[in-house]
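**Q** Have a look at this one before I ask anything.
Chains as they are written, first to last, in our numbering: chain A, 1 to 853; chain B, 1001 to 1354.
Here it is, written out as C-alpha cells:
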C-alpha cells in the first residue's frame, strides 16, 4: 500500500519528523516500509537509515508555483506555444509543447490564470521524454528561434507519476511564487500490511498508529453531512439473505452530481497512491477507501430506477445461482458459482460483492444521481471469490483481511461528503442501513500478572490504559468488589474492549495475548529487557536418528567423498534414466504435486541415486574424477495417508582413481573394487559385519553388481552401472554407483562394540598362494583360511590374484599374506607350521585348491 | 733414518693435501700407509739398526704411521663431507611445484552450516527434533492457528499434493515451515504426562518448501531451523535474552540485535529480529543494503491456540518460538549472491567450503 506522507499529516501532525523517522517508527511497530519515494520533500542527508529511497527533492528556489496569464502560438512551430508566465516575481515567456495548453492558445489574456508547476533555469528535474527516470538540469537554449531557459512541468518531470501527456494544472488557489516543495512536496511510503492489520489499510489507520506511537493527537475526520431533497428511505429497500456472508449493507444517495475531473490535488494524491483518476464520483470512492479503509461502490441510481420501471429499487444480496453470469467492470464475463455473493436488484446481478462492480450499473459521464454502497462481507468468502476469479482488487485486498462492519458507516458518510464537495451534488437525507449481524466487541481483563507472565516486565495499568486508549480500545476499571481480579496475586484487572475498527482481537486467553502484543508494540520491543531462561532445563533427549545419519555423513566425507544435496522434486522420466533402453519400466507410484512450478519438478523423488547421477553428469566436465554421495529422503505415497519418507544413501564414483599430478600423468580408472573398498570402510566405521553377494539389478552391469547384506537383510545394491545407463547420463567410462537403504543400516547400528587387546608378542609373517577354480569366489578361500587359523591367525590379506598359462585354463592363483600372533606368548615356527598345514589341508580338501610352489 | 722418516712424512702429507677424490685417496692410502708403503718398510728395516737407534727410529716410525693414518681419516671425512655438500647442493627441488593432490571429501555447505547452528543451540539446551516433510493441511496450517482461507496463508506460497482431495482442509502439502514439528513435539511430550506435561526446549531443523519460481533470490526448497521453548515461566524477555545470546555465539560476542513488531499466526506477540550487519559492523554496506542491519529471524511468544493444540494448557504454560533460514545466513556470511548455487551442487562451488 502506497500512501503520501502529506495525507497522513492531515490526521496526525508529523510535519516536524523526518520522513525516515516516520518510516522507522512504523517499521518497528510492524508496519514495514519497503520503499520511500520522494516527490518534492528533501531526501535524507545520511544514507544509514535502512530504507530503500528513490525520487527527487524539489529545489525551493528553482521550482515554484506560477501562473500562466496567456498562451500564444509559437512563431515558427504549430505544436509549441509561448506562455506568458508569472513566477511571483517576474513575468517570463516560457516555451511549451503541452497539448493541454492548446485549448487556451491565442485567447489573449486568460480570464482565470492557469496555476502550474514552474521549473526555473538550472532546476534539476526528470527528463519527460526519456525512458524511465533520468535526471536533467534545465539549460538555456534556442528552440526554433525562441529563447528557452525554463519550463512548466508534467507529473513525470516532478517524479509524481508516469504522466507526461500534459503539464500539471494546480488548483486555482495555489499561490504564485510559493516554493513547489512547500505547496505540494511529498514522499510516498510503501507499506507492507500484515494479515492481522486490516485496520491499517488506510491513511487514517496509519495516522492512528503514528498518533499512538508518538503520543500525538489523532485528528479524526468529521462525518457530519448537510442533506436536502427527498429522503432515500422511501426510495430503496434492502434485503440480506445470508447475514453470515453479508453482516451489514448501507446505501446513501446523492443527486445532481456533475461528472467532471476531480480537483488537481485529489488526482495527484490518487496517482501518488498508484490509483488512476477517473472522475469526481469514482475518485471519491477510491479516495475514501484510501482515507478511511472502507471500499465503496457507486451505482448509477437512474439506471437502477429505470430497471425497476418506477417502483422502489430493491437491493438484495445473495449467493450466485449455478450457471449465473455477470460482466464485471473490467469487461470480463464471469461464470459464477454458489460461493460467490452478489449484489442484485429485481432484474438481476449488479456486482460481485466486495470484489468488483458490474458493467451495466456503473457510473458514466452522464450519471446524475449516485447510489452509494458501503457494506461488510465475510472475509473468507471474499478471499475465495477473489482467488477463484483471479481478481485481486483494492476492495478485495481490504475485505479479505476482515474489515469491521462499523467502518461501512464512516466510509459511506465520508464518501458522500467528498462527492458533494467535488461534484456539486446534494446528499439525500436518510441512510439505509441493514445490519443484521453486528460483531460482538471482544473484551478481556488484563492484570499486571498477565503482563509479567507474557512480557516479563511490570507496566502500571494506568500506563497500559493510556497506551490502549491511543489505539481506541475502551478501558474501564471494574466495579470494586472482592471477587474481581486474580485472587492469588491480588491483581486488579483492567477491562479492555476492542474498538469497532478491528476484528483481530479474540476472547479469553487469546484476547489477552492479542492485547499483550498491542502493549508490547506501543511499549517498544526494544524497551523490554533481555533475560535468561529461569525455567528448569527440560529433558535432554538427543536425536539418535539424526546423530546416526551424521555418522554416515562424516564417514563418507572422511573417505574422500563430497556430499551433495539435491532437489526433492523431479519427474518420473528423469528417474527412468536409471534403466537401460528397453528395460521394463516399473510402475512406481509417486507423490505428485497438484501445483508444480515446472513439469520437470512435478513429483517427489523415489530415488536419491537418480538425483545424484544427474549432479554427476552436470559436474563431469569440471573434474577428472567424481566421488559424490547424498543422504536424503524418498517419498512413497500411501493414498490418503501421509507418504512414507525413508532415508536412502546414494554414492556415485567415476573417473581416475588418483588425482592427476604433474609427474603422474597416466590415471587408472576407478572400478568396482574402489567402490567396494569405500563401502567396506564405511561398514567398518559403523561396526557392521556386512557380507556381499552377487546381485542382479536392471540399472547395473549384470556381471558387476553386488548386494550388501547384514545377515539376510539387504542393505543395498552397488556396482558398475549398465553401460547404457551410464550413457543416459553422458558417461562412456565405468560409472559406479551404490543405492542403499539408510534406515536398514541405521536400524542395525550396534549400541556399542568391544575393543580387542593389542598383543605385545612378535608376529610370524608368511605368504601362502593357492590355485583354485576361476569360478570360486575369493571370499570363500579367505573365510576358510580365517576359520582354520582361528585366534592365532591375526590377519589374512589377499595381496595378489594371478592368472596364467602355467596355472592351466580356468584357474587362478590367490596369494595371501598371513600374520600369526598369540596374545599370550611368542609363537614358534613350529606353531606356525602346524596352523599352515591345517589351512592347506582344508583348502585342498574343501575347495579343491592346490598349493602354488 | 730419522731423517728419512721425516721426509716420508712430509712427502706423504704433501701428496695427501693435493688429493680431491675417493679413488686417489684410496691409492694414497695403499701407497702411504699400506703394507708396502715407505713407513712400513722402515719397520722391516729395523733389524739393520743399532741397538741405540732402534727404539728412537721405532718410536718415530710409529708416530709417522699414526700421523699419516690420522691425516687419512681426516681427509676421508673431509672428502665425504665435500661429496655430501656437493650432492646436497645439486639436489635442489623446485618447491614451488604443486603438491600431489589428494581426493578430499567434504560435507555440503548447507550441512556444515546447519550443524553449526544446531551445535550452538544444543549447548543452550535445545534438543534436535525432526519430523516429516509431507504434511497434512491440519498440521502445517490449522493447528498452527491458520484456518483454511486465512489471510496468513498468503504469507506462505504452498505446494499441494495431488491426492484427489478437493477440500482445502483435507489436503496434503509440502511443509512450508518446520512449525508442524512444534505440534508433533508438543503432542508427543504432553502425551507422556497429560496432567503436567514436561517443559520443552527443542530445535527443529529441516527442509521446507515454497511455491516460488527458482531465481537468484528465491528457491523452492530450503532449510529452516526453528526453536521452541515451553515452560511455566517463559517471557518475552527470555525470548529476547535467549536469541541475543544465540546471535552472539553465531556472529560474535559484539553482535547487536534489534526486535521489531511483526505477525505470525502461531505466535503473539510476534517479532522480527535484526542483527547488526556482521560484514560492515553496522556502518552500512552492500550486504545489509546500507541499513546496517540484517533480517535474521522471526519469533514470538507461542500463541495460546498452538499451546492448546499441542496439549499444553495456555493458562499454565507460556513459550516462545523462533525460525530462521540457515542458507540465507550462509549466503550473507560468504557474500553468495545467487541462491541457486546452494542446490546446484557444482563441485567448483562446494569444494570452496572444504
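Ideal placement from N, C-alpha and C gives every residue a C-beta, glycine not left out. Nothing here was measured: the structure is a model prediction, and the numbers come from that model.
What residues of chain A sit near residue 1335 (chain B), judged by a beta carbon separation below 9 Å?
**A** Chain A residues near residue 1335 (chain B): none, gap ~19 Å exceeds 9 Å.
**Q** Note down, in chain order, every chain B residue with its Cβ under 7 Å from the Cβ of residue 400 (chain A).
**A** At a C-beta separation below 7 Å, residue 400 (chain A) has these neighbours in chain B: 1151.
**Q** At what residues does the beta strand (DSSP E) containing residue 1223 (chain B) begin and finish?
**A** Counting along the chain, the beta strand (DSSP E) containing residue 1223 (chain B) begins and ends at 1221–1231.
**Q** State yes or no: is the C-beta of residue 64 (chain A) within less than 9 Å of the C-beta of residue 118 (chain A)?
**A** yes
**Q** From the DSSP output, in three-state form, read off residue 250 (chain A) for me.
**A** strand
**Q** Does DSSP put residue 1010 (chain B) in a helix, a strand or coil?
**A** helix
**Q** Residues of chain B with CB closer than 9 Å to the CB of residue 209 (chain A), please, in chain order.
**A** Chain B residues near residue 209 (chain A): none, gap ~10 Å exceeds 9 Å.
**Q** Any contact of the region 1256–1265 of chain B with the region 1343–1350 of chain B, i.e. 3+ C-beta pairs under 8 Å?
**A** no
**Q** Over what stretch of residues does the alpha helix (DSSP H) that includes residue 728 (chain A) continue unbroken?
**A** 723–728
**Q** Let me check one thing: in DSSP terms, what residues is residue 1197 (chain B) bridge-paired to?
**A** Residue 1197 (chain B) is not bridged to any residue.
**Q** What residues are listed by DSSP as bridge partners for residue 357 (chain A)?
**A** A:351
**Q** Which word fits residue 482 (chain A), buried or exposed, when buried means at least 16 other C-beta atoms lie within 10 angstroms of its C-beta?
**A** Its pLDDT being 49, under 50, residue 482 (chain A) is placed unreliably in this model, and the value from its coordinates should be taken loosely. Flag for residue 482 (chain A) reads exposed.
**Q** Under 6 Å Cβ to Cβ from residue 1184 (chain B), same chain only, skipping five residues before and after it: list those, please.
**A** 1131
**Q** Pull up the DSSP beta-bridge partners for residue 1273 (chain B), would you.
**A** B:1259 and B:1297
**Q** So the candidates are A:749, A:744, A:793 and A:751; which of them puts its Cα closest to the Cα of residue 768 (chain A)?
**A** A:793
**Q** Using a Cβ-Cβ cut-off of less than 9 Å, give me the residues of the region 508–520 of chain A that come near chain B, in sequence order.
**A** 508, 509, 510, 512, 513, 514, 516, 517, 518, 519 and 520
**Q** Could you tell me the alpha carbon to alpha carbon distance between residue 1315 (chain B) and residue 278 (chain A), rounded to whole angstroms?
**A** 54 Å
**Q** According to DSSP, is residue 1133 (chain B) helix, strand or coil?
**A** coil
**Q** Tell me the residue span of the beta strand (DSSP E) that contains residue 267 (chain A).
**A** Not the beta strand (DSSP E): residue 267 (chain A) falls in the alpha helix (DSSP H), residues 264–272.
**Q** In whole angstroms, what is the alpha-carbon distance linking residue 607 (chain A) and residue 705 (chain A)?
**A** 18 Å
**Q** Taking the alpha-carbon of residue 855 (chain A) as reference, which of A:276, A:207 and A:444 has the nearest alpha-carbon?
**A** Summary: the structure shown does not reach residue 855 (chain A), with chain A confined to residues 1 through 853, and so no result is reported for it.
**Q** Kindly indicate which residue of B:1109, B:1016 and B:1050 has the alpha-carbon position closest to the one of residue 1333 (chain B).
**A** Checking every option, the nearest Cα to that of residue 1333 (chain B) belongs to B:1109.
**Q** Could you name the residues of the same chain whose beta carbon sits closer than 6 Å to that of residue 17 (chain A), not counting the 5 residues immediately before and after it, in chain order?
**A** Contacts found: none.
**Q** In this structure, what does DSSP give as the bridge partners for residue 142 (chain A)?
**A** A:147
**Q** For the region 15–35 of chain A, enumerate the residues whose C-beta is nearer than 9 Å to any C-beta of chain B, in chain order.
**A** 27, 28, 29, 30, 31 and 32
**Q** With a CB to CB cut of under 6 Å and the five nearest residues on each side skipped, what residues in its chain are close to residue 454 (chain A)?
**A** 516
**Q** Going along the region 549–569 of chain A in order, which residues come within less than 9 Å of chain B, judged by CB to CB distance?
**A** 550, 553, 554, 556, 557, 558, 559, 560, 561, 562, 563, 564, 565, 566, 567, 568 and 569
**Q** Contact criterion: CB-CB distance below 9 Å. Does residue 542 (chain A) meet it with respect to chain B?
**A** yes
**Q** With a CB to CB cut of under 8 Å and the five nearest residues on each side skipped, what residues in its chain are close to residue 487 (chain A)?
**A** Because residue 487 (chain A) sits at a pLDDT of 44, beneath the cut-off of 50, its placement in the model cannot be relied upon, and the following sentence gives the value as read from the coordinates. So no residue of the chain qualifies.
**Q** Which residue marks the beginning of the beta strand (DSSP E) containing residue 55 (chain A), and which one marks its end?
**A** 53–57
**Q** Please tell me whether residue 1200 (chain B) has its Cβ less than 9 Å away from any Cβ of chain A.
**A** Chain A places a beta carbon closer than 9 Å to that of residue 1200 (chain B), counting this residue as a contact.
**Q** Could you check whether the Cβ of residue 535 (chain A) sits closer than 9 Å to any Cβ belonging to chain B?
**A** yes
**Q** Helix, strand or coil for residue 176 (chain A), going by three-state DSSP, please let me know.
**A** coil
**Q** Can you find the residues in the same chain that come closer than 8 Å, C-beta to C-beta, to residue 1287 (chain B), ignoring five residues on each side of it along the sequence?
**A** 1277, 1279, 1280, 1294, 1332 and 1335
**Q** For residue 335 (chain A), name the three-state secondary structure that DSSP assigns.
**A** strand
**Q** Measuring alpha carbon to alpha carbon, tell me which of A:779, A:213, A:91 and A:120 ends up nearest residue 23 (chain A).
**A** A:213
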